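Enquirer:
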């Protein structure tokens, strides 16, 4: 039978109220008594009833993390950063995978509210207005990671996706490439990847290179989207280079280029985005835009915990630095 708080009080020779103060880290208990209680807890293997405590304190010490695609290597590293910080502050996490489905996102938000989570780290494939309204109506503390909402309503941590895409495209231009394709998400989507298309177009414009819609393919962020997109683009003629809105897209695009007889990077330069683990072991190793995934998760969690505890945020929106790592998919 599991030990109760009464058992702990009896073992430590103190009152139930004193045990409760120790469990809730109330400072009025002296160090000697606190040690007695902690030793009794350890000896008896006592674990507090989280549900009962939540009902009393209106705090569950649990944070929900909503991600759009658990199979994407980009998100687990963010979650790891968030979880490491949560553990430091004695929070548990509840992970929810939405499969890129807005309806599932909304359902998970309702479930997390019912589970009395203290707050939510929110990563979304597309921040639709109805989702933002739901978040507001549920009155859940939320921090956005990897994206921002258009009105900048919620605290967020991201990189400058438009500038990162601009830098990646200009990198390809400086290699002497004239026909640079784009494979990524739709430009009107409300997500981080959509800003990358804007950065791509801006780089072309700044360097006096015309925009050609036939060199663009809009779909998802997976390898099969890259493969399909590259095949569609090649039907319109040869290209010099391609900027891909994710590393998975880049891998699919490279496979399609190989199948068409193109050599990478001798004939076509390919640059990806994210720097997921596979980017460094794929052949050829991907030149890509590095997102600080772990830091995005850890900074986002620290921001959320501050919001939960009513602390003032020194900065409402964090924009972390990006960089380009040069490997083998672009000419040296």
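In our numbering, the protein residues as written are 15 to 346. Backbone N, C-alpha and C fix where the C-beta goes; we use that ideal spot for every residue, glycine too. Here the structure is a predicted model, which is why all the values come from computation and not from measurement.
Spell out a yes or no on whether the segment 213-220 and the segment 167-186 are touching, meaning 3 or more CB-CB pairs, one atom from each, closer than 8 Å.
Expert: yes
Enquirer: What residues in its chain sit with their C-beta under 7 Å from that of residue 25, if we drop five residues either side in the sequence?
Expert: Taking the first residue of the chain shown as 1, we reach residue 25 at position 11. Hits under 7 Å: 54, 57, 58.
Enquirer: So is residue 328 buried or exposed if we call it buried at 16+ other beta carbons inside 10 Å?
Expert: Position 314 of the chain shown, counted from the start, is the residue given in the question as residue 328. Exposed is the call here.
Enquirer: State the beta-bridge partners of residue 331 as determined by DSSP.
Expert: For the purposes of this step, residue 331 is identified with residue 317 of the chain shown, where counting begins at 1. Looking at the DSSP assignment, residue 331 forms a beta bridge with 170.
Enquirer: Would you tell me roughly how many angstroms separate the C-alpha atoms of residue 113 and residue 104, rounded to the nearest one?
Expert: For the purposes of this step, residue 113 is taken as residue 99 along the chain shown, with counting starting at 1. For the purposes of this step, residue 104 is taken as residue 90 along the chain shown, with counting starting at 1. For residue 113 and residue 104, the distance between alpha carbons rounds to 29 Å.
Enquirer: By DSSP, does residue 198 sit in helix, in strand, or in coil?
Expert: Mapped onto the chain shown, residue 198 falls at position 184. Looking at residue 198 - three-state DSSP - the assignment turns out to be strand.
Enquirer: Reducing DSSP to helix, strand and coil, say where residue 42 ends up.
Expert: By one-based count along the chain shown, residue 42 stands at place 28. In the structure shown, the three-state DSSP call for residue 42 is coil.
Enquirer: From the DSSP output, read off the bridge partner residues of residue 109.
Expert: Here residue 109 is taken as the residue at index 95 of the chain shown, counted from 1. Residue 109 is bridged to 79.
Enquirer: Hey, residue 261 and residue 286 are a contact pair by Cβ (cut 8 Å); roughly how many whole angstroms apart?
Expert: As a first step, residue 261 is located in the chain shown; it is residue number 247 there, counting from the start. As a first step, residue 286 is located in the chain shown; it is residue number 272 there, counting from the start. Contact holds; Cβ gap of about 4 Å.
Enquirer: Rounded to whole angstroms, how far is the Cβ of residue 290 from the Cβ of residue 87, which I believe are closer than 8 Å?
Expert: Counted from its first residue, the chain shown places residue 290 at position 276. Counted from its first residue, the chain shown places residue 87 at position 73. Confirmed, about 4 Å.
Enquirer: Have a look at 158, 170, 190 and flag the residue whose alpha-carbon is nearest the alpha-carbon of residue 346.
Expert: As a first step, residue 346 must be located in the chain shown, where it is residue number 332. Closest option to residue 346, Cα to Cα, is 190.
Enquirer: Going by the beta-carbon positions, is the gap between residue 254 and residue 322 smaller than 8 Å?
Expert: Here residue 254 corresponds to residue number 240 of the chain shown, with the count starting at 1. Here residue 322 corresponds to residue number 308 of the chain shown, with the count starting at 1. Result no, Cβ atoms of residue 254 and residue 322 do not sit closer than 8 Å.
Enquirer: By Cβ distance below 7 Å, which residues in the same chain neighbour residue 69 in space, the five residues on each side in sequence not counted?
Expert: Taking the chain shown and counting its residues from 1, the one referred to as residue 69 is at position 55. Low local confidence applies: a pLDDT of 48 at residue 69 is under 50, so the model's placement there is unreliable, and no value is given.
Enquirer: Secondary structure at residue 69, three-state DSSP: helix, strand or coil?
Expert: As a first step, residue 69 must be located in the chain shown, where it is residue number 55. Confidence in residue 69 is poor, its pLDDT being 48 and thus under 50, which makes the residue's placement unreliable; the coordinate value appears in the next sentence. Residue 69: helix per DSSP, three-state reduction.
Enquirer: For the pair the segment 170-179 and the segment 332-339, tell me if three or more CB-CB distances fall below 8 Å.
Expert: yes
Enquirer: Just the C-alpha distance for residue 84 and residue 111, rounded to the nearest angstrom, thanks.
Expert: In the chain shown, the residue the question calls residue 84 occupies position 70. In the chain shown, the residue the question calls residue 111 occupies position 97. One Cα belongs to residue 84, the other to residue 111, and the distance between them is close to 6 Å.
Enquirer: Per the contact definition of three or more C-beta pairs closer than 8 Å, is the segment 112-129 in contact with the segment 304-316?
Expert: no
Enquirer: Around the Cβ of residue 241, are there at least 16 other Cβ atoms within 10 angstroms (buried) or fewer (exposed)?
Expert: Here residue 241 refers to the residue found at position 227 of the chain shown. Buried, because 16 or more other Cβ atoms sit within 10 Å of the Cβ of residue 241.
Enquirer: List the DSSP bridge partners of residue 258.
Expert: Taking the chain shown and counting its residues from 1, the one referred to as residue 258 is at position 244. In DSSP, residue 258 forms a bridge with 197.
Enquirer: Is residue 131 near residue 76, with beta carbons less than 8 Å apart?
Expert: Indexing the chain shown from 1 puts residue 131 at position 117. Indexing the chain shown from 1 puts residue 76 at position 62. Taking 8 Å as the Cβ cut-off, residue 131 and residue 76 qualify as a contacting pair.
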